[in-house]
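Here is the structure we will look at.
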Amino acid sequence: MHEPGSANVLNQDPPAYGSDSRSPDDYQNVQSYQLGVGPVTMKCPRCRKLITTSVAHKAGLAAWLACLGLTLMVCWPCYLIPFCLDDLLDVIHSCPACGVVIGTYPRL
Ligand SMILES: [Zn+2]
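Residue 3 is where the sequence shown starts when you use our numbering, and the numbers rise one by one after that.
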């Protein structure tokens with residue numbers, strides 16, 4: 003027989019609302035999304051629609067470091083190469099519906 007009244011409540015962490023000093027902005031949650039190099043299907047934190055992120059590439063730290071290395075070690079015209087290689091560019095995910103930038107997948 004089961005014992006009534008002995009509800010086994012799991013020891014859950016209290017919700018981090020209220021005294022949380024961080025901004026309650028929903029955009030704080032974007033870090034938890036699994037962003038990758040390709041489009042991701044997710045719920046937009048701003049318009050709440052189920053969307054597939056549109057991706058754009060931007061020169062990030064990896065591209066600038068490669069640029070610097072090529073400029074110093076090879077020859078200066080090569081400095082443009084990293085900006086042509088998608089593998090070195092940060093991936094920016096944005097919502098196609100409302101246009102908000104959801105997050106960035108950095109290469110470094
Ligand atoms: Zn949106």
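Even glycine gets a Cβ: it sits at the ideal position worked out from N, Cα and C.
Exercise. Exposed or buried, which one is Gly105 when buried takes at least 16 other CB atoms within 10 Å?
Worked result: The residue you call residue 105 lines up with position 103 of the sequence shown. Taking all protein chains in view, the Cβ of Gly105 is crowded by 16 or more other Cβ atoms within 10 Å, so the residue is classified as buried.
Problem set entry | Leu70 versus Ala61: straight-line alpha-carbon distance, rounded | In the sequence shown, residue 70 corresponds to position 68, counting from 1. In the sequence shown, residue 61 corresponds to position 59, counting from 1. Answer to the nearest angstrom: the Cα atoms are 13 angstroms apart.
Exercise. What three-state label does DSSP hand Ala61 in the structure shown?
Worked result: Residue numbering aside, residue 61 sits at position 59 when the sequence shown is read from its first letter. Correct three-state label for Ala61: strand.
Exercise. Cα separation between Leu91 and Lys51?
Worked result: For this step, residue 91 is matched to residue 89 along the sequence shown. For this step, residue 51 is matched to residue 49 along the sequence shown. When rounded, the distance between both Cα atoms is 27 angstroms.
Problem set entry | DSSP three-state assignment for Thr124, whether helix, strand or coil | No information on residue 124 is available, as it lies outside the stretch 3 to 110 that the chain covers here.
Problem set entry | Distance between beta carbons of Ser56 and Pro84, contact taken as under 8 angstroms | For this step, residue 84 is matched to residue 82 along the sequence shown. For this step, residue 56 is matched to residue 54 along the sequence shown. In fact, because the Cβ distance is near 23 angstroms, the residues do not count as touching under 8 angstroms.
Problem set entry | Expected contact under 8 angstroms - CB spacing of Ala58 and Ser96 to nearest Å | Residue 58 sits at position 56 when you count from the first residue of the sequence shown. Residue 96 sits at position 94 when you count from the first residue of the sequence shown. For Ala58 against Ser96, the beta-carbon gap comes to about 7 angstroms, under 8 angstroms, which counts as contact.
Exercise. Should Met75 go down as buried or exposed, given a rule of 16 or more other Cβ atoms within 10 Å for buried?
Worked result: Sequence index remark: in the sequence shown, residue 75 carries index 73 (1-based). Under this definition Met75 is an exposed residue.
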